[in-house]
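Just below is one structure, and these are the notes that go with it.
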Amino acid sequence: MKILELNKLCEVLRITPVPVTPIKIKRVVTSVNDIDNNTLVFHLNKKLTINVKKFEQLQHCYIVTDQPLLKNNLYLKEKFLFVLDIDRTYEQFIKYYRSLFSIKTIAVTGTCGKTTTKEMIKQVLAKEYHITGTVLSKNSLRFNHDYLMDIDDTKTYGVYETALTEPGEIIYSAKFFKPSIGVITNIGIDHLSGCKTLDNYIRAKGEMISALKNKGTLIINGDDENIKKIDFSTYKGKLKTFGIKHKSDYTASKIRFEHDKMCFTLYHKKEKYKVSIPCLGEHNVYNALSALAVLDILGMPLKKAITHIASFKPIKSHFEIHKGLNDSVIIDDTWSSNPTSIKAAFKTFNYRGNTKVVVLGNISYLGHFASEQCKEIGKMIVDYEIDYLVTIDQFSKQIGDEAILNGMDEKNIFHCHNEDEIKMVLSRLLKPNVRVLFKTSMLDNKMKNIIKHLIKDDR
Numbered sequence: 000m001k002i003l004e005l006n007k008l009c010e011v012l013r014i015t016p017v018p019v020t021p022i023k024i025k026r027v028v029t030s031v032n033d034i035d036n037n038t039l040v041f042h043l044n045k046k047l048t049i050n051v052k053k054f055e056q057l058q059h060c061y062i063v064t065d066q067p068l069l070k071n072n073l074y075l076k077e078k079f080l081f082v083l084d085i086d087r088t089y090e091q092f093i094k095y096y097r098s099l100f101s102i103k104t105i106a107v108t109g110t111c112g113k114t115t116t117k118e119m120i121k122q123v124l125a126k127e128y129h130i131t132g133t134v135l136s137k138n139s140l141r142f143n144h145d146y147l148m149d150i151d152d153t154k155t156y157g158v159y160e161t162a163l164t165e166p167g168e169i170i171y172s173a174k175f176f177k178p179s180i181g182v183i184t185n186i187g188i189d190h191l192s193g194c195k196t197l198d199n200y201i202r203a204k205g206e207m208i209s210a211l212k213n214k215g216t217l218i219i220n221g222d223d224e225n226i227k228k229i230d231f232s233t234y235k236g237k238l239k240t241f242g243i244k245h246k247s248d249y250t251a252s253k254i255r256f257e258h259d260k261m262c263f264t265l266y267h268k269k270e271k272y273k274v275s276i277p278c279l280g281e282h283n284v285y286n287a288l289s290a291l292a293v294l295d296i297l298g299m300p301l302k303k304a305i306t307h308i309a310s311f312k313p314i315k316s317h318f319e320i321h322k323g324l325n326d327s328v329i330i331d332d333t334w335s336s337n338p339t340s341i342k343a344a345f346k347t348f349n350y351r352g353n354t355k356v357v358v359l360g361n362i363s364y365l366g367h368f369a370s371e372q373c374k375e376i377g378k379m380i381v382d383y384e385i386d387y388l389v390t391i392d393q394f395s396k397q398i399g400d401e402a403i404l405n406g407m408d409e410k411n412i413f414h415c416h417n418e419d420e421i422k423m424v425l426s427r428l429l430k431p432n433v434r435v436l437f438k439t440s441m442l443d444n445k446m447k448n449i450i451k452h453l454i455k456d457d458r
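Printed below as a string of C-alpha cells:
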C-alpha cells in the first residue's frame, strides 16, 4: 500500500484531535488481530478481543473505533481514535484511498468463466505492466480490503472478480475498485439460496451498470439469454458485445479443436484474426473473446493481445487433463460446480469421444431450485451420451435417478458412500480410451485424493 500520514488521514476522516507529530502509517487493517507497528486498525469486528499486552508494546499503532474505553484501559487512550460511526468512517477511508490513484480497473462477473477471463486479462497485461487484482478465485467480500491495499503508485491496471452470493454485493465491491470496464460473461443458475429467485439473481448481476456509475464500458455476452433480459436502454456508457451464435462486436467463427487447444477466427470491425488458446471447450472461446475485448478497449492492439493470449497458462482444475491408470484419461474440472459449468464441461467432454465416465458431487447455493436442477442435469447426462455415472452423495444420487428416468441403464450408475468405494468402482472402469470427468466442488478433499490416486504421473 501507499504510505500515509496519520494527521492527513485524521483530517480527511474528520477525526479529532488531529495528532501533531508526523506519523507514517504503513498498514491499514480491519481486524484487531492484525495489530502491528505503524498500523491503523478499523475496529469493524467488535467481537474480537484486543491483545492489550501486545498493543502496549507496539509503536504507532492506532485503533479507530466508535466504542468507549473501559476505565482500566484509559492509559491507552492516546492509541485510540474515536468516531461516531465506524462503518461510515471506514467507507470514507475506502473512498479516500482509492481516490489517490488513477489506476484503470476492470470488474468481471458471471456465473461461469469469470476466473478464467480475469486470469487471461491479468496474464496478458502483466507482460507489459505492473498489475494487481483478484488472486485465483478468492473473490469474496472479505478479500476486498486487502486487494484495495495492494493498489499503489506502481500499479497501472487492476483486474477483479466481482462475485455475489446475494444482491448488492457487486455494488459494494465497486466502492473499493471503482471499475471503468465491466464484463458479464454469462448468467446461469447459481447462488439462488441467497438471491431466492432467478430474476433476482439476474438483476444482481445487472448491478454491474451501477458499479460502473452508468458510464465507462460494459462488455456482455451477446448470446446469453438471461443477459438479454436486463434492460440496458438507460445505460449511458459504451455497450460492447461478444459472441458466437449472433453477430457481435467481437465474434468468433470457424471454431475447432486442435490437440489440446481451441482455434477460431475473430471478427472485429471488418477485420479478422486467427486465435489459438491452450484450453479446451467452447466456453473458453467465450472467455477469450471477452478478455480480448477488454484488452482492445484498453488500447492494446488485437494482434499483440492475441499473441500474448496464446501463451495463457490455464488454471488448475479447470478441465485439466491428465494421463490416468491403464492408459485412461482423467479430467479434473473440480474448481467449481453449478449447472452452467456442468453443461459446459459435458459439451467439451462430448467432443473427446471414447467411453465417457462422469463423477458428480453436490452443488451448493441452489435453494429450492435444487430438485428442478437435478432433473435438468439428469437429462443432460443422457443427452450428452455419458456412458457411466458415479454419484457420491444424496444430491448427485438424485441426479442419477433422474438420468434413469430419462433412459440411462441403471446398471451404468454407481452410487458410492465413501472414498474406497469410489476408487473400487473407478478401478474397474479405467481402461484404454476411457475418459473420466470429475465435476465436483473444490472443497471436497476426498475428490482431490482420488484424482491424485488415479493420475499416472503422480504415482
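Quick note: the sequence shown uses numbering that gives the first Met the number 0, first residue 0, plus one each step. Every residue gets a Cβ at the ideal spot worked out from N, C-alpha and C, and that includes glycine. Model, not experiment: these values are computed from the prediction.
Terminal residues of the beta strand (DSSP E) in which residue i lies
| i | result |
| --- | --- |
| F263 | 260–267 |
| D331 | 328–331 |
| Y387 | 387–390 |
| V28 | 26–28 |
| T250 | 249–257 |
| A106 | 103–108 |
| K346 | K346 -> not in any beta strand (DSSP E); alpha helix (DSSP H) instead, spanning 338–350. |
| L217 | 216–220 |
| E319 | 319–322 |
| E90 | Where E90 is concerned, there is no enclosing beta strand (DSSP E), although the alpha helix (DSSP H) it sits in stretches over 85–98. |
| R434 | 433–438 |
| T354 | 354–359 |
| K117 | That residue, K117, is in no beta strand (DSSP E); its alpha helix (DSSP H) goes 113–125. |
Closest by C-alpha distance to residue i, when choosing among the options
| i | options | result |
| --- | --- | --- |
| V134 | T161, G360, D151 | T161 |
| P16 | Q66, L191, E77 | E77 |
| L324 | D35, F413, V433 | V433 |
| K455 | H307, G399, S327 | S327 |
| S209 | K346, T29, I170 | I170 |
| L39 | L47, G205, L57, Y200 | L57 |
| I391 | M299, L211, H414 | H414 |
| L425 | F394, L359, M379 | L359 |
| C194 | L211, E165, I188 | E165 |
| S136 | T110, D149, L68, P21 | T110 |
| S172 | I93, N71, G221, S98 | I93 |
| D259 | K269, T240, K244, L279 | L279 |
| I188 | H416, A369, I449, M379 | A369 |
Residue span of the alpha helix (DSSP H) that contains residue i, given as start and end
| i | result |
| --- | --- |
| L193 | Correcting the residue type first, residue 193 is Gly in the shown sequence and not Leu. Here the alpha helix (DSSP H) through G193 covers 191–194. |
| A369 | 369–382 |
| G399 | 393–404 |
| C9 | 5–12 |
| K52 | 51–56 |
Residue environment, residue i, which counts as buried when at least 16 other CB atoms sit within 10 Å
| i | result |
| --- | --- |
| K271 | exposed |
| E10 | exposed |
| T131 | buried |
| L404 | exposed |
| H367 | exposed |
| D152 | exposed |
| L12 | buried |
| M261 | buried |
| Y61 | buried |
| L3 | buried |
| H307 | buried |
| Y249 | buried |
Same chain, Cβ closer than 7 Å to residue i, five either side skipped, listed in chain order
| i | result |
| --- | --- |
| L428 | V356, Y387 |
| K430 | N325, S327 |
| E409 | I403 |
heavy atom of the ligand SAM below 7 Å from residue i C-beta
| i | result |
| --- | --- |
| K46 | Of ligands this structure carries none, so the ligand SAM is not represented either. |
Same chain, Cβ closer than 6 Å to residue i, neighbours up to 5 away in sequence not counted
| i | result |
| --- | --- |
| W334 | S316, H317, M441 |
| E401 | C373, K374, G377 |
| K113 | V107, E160, T184 |
| R458 | Here the model assigns R458 a pLDDT of 44, short of 50, so the residue's position is not dependable, and the following value carries that caveat. Cβ neighbours of R458 beyond the five flanking positions: none. |
| N286 | G112, T115, T116 |
| L124 | I130, Y156 |
| N349 | Y383 |
| I412 | L388, G399 |
Chain-order list of residues whose beta-carbon lies under 8 Å from that of residue i (same chain, five-residue window excluded)
| i | result |
| --- | --- |
| K235 | N213, K214 |
Contact with chain C by residue i, beta-carbon distance below 8 Å
| i | result |
| --- | --- |
| E160 | Although the question refers to chain C, the structure presented lacks it and comprises just one protein chain. |
Using a Cβ distance threshold of 8 Å, determine whether the stretch 426–440 contacts the stretch 336–351, with at least three qualifying pairs required. yes
Meets three-Cβ-pair contact criterion under 8 Å: the stretch 251–259 and the stretch 209–221: no
Validate contact between the stretch 291–302 and the stretch 190–200 using beta carbons, cut 8 Å, 3 pairs: no
Okay, do the stretch 63–75 and the stretch 85–94 touch, 3+ Cβ pairs below 8 Å being the bar? yes
Are three or more beta carbon pairs between the stretch 223–240 and the stretch 267–281 nearer than 8 Å? no
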